[in-house]
Amino acid sequence: MQYLLMIYQNEVEYAKNDAATAQKLMAEYQTFTQGIIQSGNFKAGDRLRPTTTATTVRVRDGKTLTTDGPFAETREQLGGYYLIEAKDLNAAIEIAARIPSARIGSIEVRPIWVYDK
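Listed below in structure tokens is the structure:
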């Protein structure tokens, strides 16, 4: 089964990291990513640009409305994701717990709804 692991953390706090701390975290992510590629769990994953670069789109009464930034004010922002293959939710949770940002933010684990073709 496929799961989306959504990585949330406070991007204001993250921006306060010095270069050495940021570099160490990136190295941890590279190690984690290589590990799930080698284990066959990795399907896709990317880091997202900050929420200041986001655009929220809504359609109301047939009109497309756009707003700069994220839709909701929250303490933690979506910073990236991994799409993984795991045998069940427990296996997905074990993988999510190894994501470096789980120590400073949160990881939302959500099953992918696969449509019959």
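The C-terminal position of the sequence shown is numbered 338 in the numbering used here, with every residue numbered one higher than the one before it.
All residues carry an ideal CB built from backbone N, CA and C; glycine is no exception.
Cα-Cα separation between residue i and residue j, rounded to whole angstroms
{"i": "Leu-170", "j": "Asp-337", "result": "The structure shown has nothing for residue 170, since the chain only spans 222 to 338."}
{"i": "Tyr-229", "j": "Arg-296", "result": "9 Å"}
{"i": "Met-222", "j": "Ile-316", "result": "13 Å"}
{"i": "Ile-320", "j": "Thr-274", "result": "24 Å"}
{"i": "Ile-257", "j": "Gly-283", "result": "43 Å"}
{"i": "Val-330", "j": "Tyr-303", "result": "10 Å"}
{"i": "Thr-285", "j": "Ser-260", "result": "43 Å"}
{"i": "Ala-240", "j": "Arg-270", "result": "18 Å"}
{"i": "Thr-254", "j": "Ala-248", "result": "10 Å"}
{"i": "Asn-238", "j": "Leu-246", "result": "10 Å"}
{"i": "Val-280", "j": "Ile-333", "result": "25 Å"}
{"i": "Ala-277", "j": "Val-335", "result": "Going by the sequence as given, residue 277 is Thr instead of Ala. Distance between the alpha carbons of Thr-277 and Val-335 is about 25 Å."}
Buried versus exposed, by CB contacts within 10 Å (16 or more), residue i
{"i": "Gly-266", "result": "buried"}
{"i": "Asn-262", "result": "buried"}
{"i": "Ile-305", "result": "buried"}
{"i": "Gln-244", "result": "exposed"}
Residue i versus the options, residue with shortest Cα-Cα distance
{"i": "Arg-268", "options": "Arg-279, Val-278, Ala-241 and Gly-300", "result": "Gly-300"}
{"i": "Ile-328", "options": "Ile-314, Trp-334 and Val-335", "result": "Ile-314"}
{"i": "Lys-264", "options": "Trp-334, Val-335, Tyr-224 and Thr-276", "result": "Tyr-224"}
Anticipated Cβ contact below 8 Å, residue i with residue j, distance rounded
{"i": "Thr-272", "j": "Gln-251", "result": "About 24 Å; that fails the 8 Å criterion."}
### Message
Could you check whether the segment 274 to 289 touches the segment 324 to 332, counting it as contact only if at least three pairs of C-beta atoms, one from each stretch, sit closer than 8 Å?
### Response
no
### Query
For the segment 308 to 317 against the segment 232 to 239, are there 3 or more C-beta pairs whose distance is under 8 Å?
no
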